[in-house]
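Just so you know, the sequences run in chain order C and E. Each residue of the first sequence is one higher than the one before, counting from 1 in the working numbering. Each residue of the second sequence is one higher than the one before, counting from 1001 in the working numbering. C-beta atoms are modelled at their ideal positions from N, C-alpha and C, and glycine is treated no differently.
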Amino acid sequence: AQSVTQLDSQVPVFEEAPVELRCNYSSSVSVYLFWYVQYPNQGLQLLLKYLSGSTLVESINGFEAEFNKSQTSFHLRKPSVHISDTAEYFCAVSDPYAGNMLTFGGGTRLMVKP
Amino acid sequence: NAGVTQTPKFQVLKTGQSMTLQCAQDMNHEYMSWYRQDPGMGLRLIHYSVGAGITDQGEVPNGYNVSRSTTEDFPLRLLSAAPSQTSVYFCASSYSWGMENTEAFFGQGTRLTVV
């Protein structure tokens, strides 16, 4: 069984400041790791994913996440946030040998203030 | 290309009523799933299907039924609605296997209130 813990339920930050959203997971097998973003009143969209290879993965809108196997973490970072980044962010894992079934963390609400 | 379509977007039910939440995808995905989203709890898997005629229970299946008669459709049935089923429901689809096919596509959600 897998589980995902997002350590912060809300993160308030000022525009243009850096941000880190924390994610830790627990699994007895190797996993795929994902960050999904949910804008208000919308469904979830894939932000970035780690499957294998380089432990640092990037999204097209400036977010990056680093897979740390020893600490079982997959924290999401952005060096300078914008108002438009205000959303809820979900960390998720899947077992590559059990199909693409996702286990989600509780979510982190990022609130960017002007 | 519509992706994943959920209907209705909003619904209010009285305790004890039944209803079906509809989900359809046009991407020929084998894997479809239903989640409920509650504050602070993320998304929890209700039921899933790896292909037509095959369904299985997720983490929180009680009070819900599903069937998968076609690849495209995966309806979720509430048998006798209870206030604890007040939530936002999301349907998702993806390919079942393959490193290159790991992205899940989500519908816009159905906001259900049971009074």
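Secondary structure at E/Pro1083: helix, using DSSP grouped into helix, strand and coil.
When the beta-carbon positions are compared, C/Phe74 and C/Phe90 stay at least 8 Å from each other.
Minimum Cα-Cα distance from C/Ser84 among the listed residues C/Cys23, C/Ala92, C/Ala65 and C/Val13 corresponds to C/Val13.
For the segment 30-83 of chain C, the full-length beta strand (DSSP E) segments reaching 3 residues or more read 32-38, 44-50, 56-58, 64-68 and 73-78 along the chain. Across the set C/Val112, C/Ser94 and C/Met101, the C-alpha of C/Ser94 shows the shortest separation from the C-alpha of C/Ser27. Separation of the CB atoms of C/Val57 and C/Lys49 is rounded to 7 Å, and the pair is thereby assigned contact status at 8 Å. A distance of 8 Å or more separates the beta carbons of E/Thr1070 and E/Tyr1089.
Beta bridge pairing from DSSP links E/Phe1105 with E/Ser1093. Closer than 8 Å to the CB of C/Tyr32 there is at least one CB belonging to chain E.
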